[in-house]
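Each number in this note's numbering comes from the position in the sequence shown (counting from 1) with 124 added on.
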Amino acid sequence: MATPKQRAVGVVIDKITNSIENAVTGESFATEVERLYPNDNGQIKKSMWKFDWGMELSDINKEVYKLVTTENRKVLHGLISIADGGDHIYLHLIENSKFNLGKTKQYRGVAANLFAFCCKKAFDCGYQGFVLFIAKTKLIDHYEKSLGAVRIGGHRMIIEQEAAKNLVNKYYRGESR
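So, in structure tokens, the structure goes:
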């Protein structure tokens, strides 16, 4: 159920962790993924993001979620925009905050955490964990290796049930599938 304006996912999976971890110390921080609504747009500081998340929030066909730590819910580590595809979850857009990018990133595991959330949502909706997305060309192999995603034509990729189970079980202990 992709909308006509499709973006290719271009986030790098730096590490599969069990939450997010400090890139310097390795300390792990418990996380939660929380829904954002159009009136929450003020929580998103434009200087911290490459994409226009206000547009995502205003699209009634999409849901936007933020990744925060349980210790500090005001700091957004990553954002994701998804839609219900009827038999899968469609991932429109995913982004790490600027402080979680590059060689000087503060935390690892942000993107994988958000992908795991999508898989969990797909299980919760009865879609057997299926998550569909469009990948940037240079990241197709990366998503196959890091997430277990499968290329299904062109740049379209899907995370199928077994790979989704692995991600959900890693990030959502006690909620195994």
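Glycine included, every Cβ here is placed at the ideal spot set by N, Cα and C.
{"Item": "contact_flag[the stretch 272-279, the stretch 215-230] where n(CB pairs < 8 Å) is 3 or more", "Value": "no"}
{"Item": "Any 3 or more C-beta pairs closer than 8 Å across the stretch 172-187 and the stretch 197-209", "Value": "yes"}
{"Item": "Beta-carbon separation (whole angstroms), threonine 155 vs valine 192, contact threshold 8 Å", "Value": "7 Å"}
{"Item": "Neighbour-count burial assignment, serine 171, 16 or more Cβ in a 10 Å radius", "Value": "exposed"}
{"Item": "Cα-Cα separation, asparagine 293 to glycine 278", "Value": "29 Å"}
{"Item": "Cβ pair cysteine 249, leucine 215 closer than 9 Å", "Value": "no"}
{"Item": "As assigned by DSSP and simplified to three states, the class of valine 234", "Value": "helix"}
{"Item": "Minimum C-alpha distance to aspartate 208 - residue among His266, Gly253, Pro162 and Ala259", "Value": "Gly253"}
{"Item": "Aspartate 265 versus isoleucine 137: straight-line alpha-carbon distance, rounded", "Value": "12 Å"}
{"Item": "Reference asparagine 196; option with closest CA among Leu217, Ile213 and Glu158", "Value": "Glu158"}
{"Item": "Close-in-space but distant-in-sequence residues of the same chain around serine 143 (CB under 6 Å, 5 per side omitted)", "Value": "Ser152, Phe153, Ala154 and Thr155"}
{"Item": "Of the listed residues Gly134, Glu145, Gly166 and Asn146, nearest to lysine 174 (C-alpha basis)", "Value": "Gly134"}
{"Item": "Span of the beta strand (DSSP E) around aspartate 176", "Value": "That residue, aspartate 176, is in no beta strand (DSSP E); it is neither H nor E in DSSP."}
{"Item": "Buried or exposed by the 16-neighbour rule on C-beta atoms within 10 Å, applied to arginine 232", "Value": "buried"}
{"Item": "Presumed contact (8 Å Cβ cut-off) between valine 148 and isoleucine 213, rounded CB distance", "Value": "Wrong, their Cβ atoms sit about 33 Å apart, outside the cutoff."}
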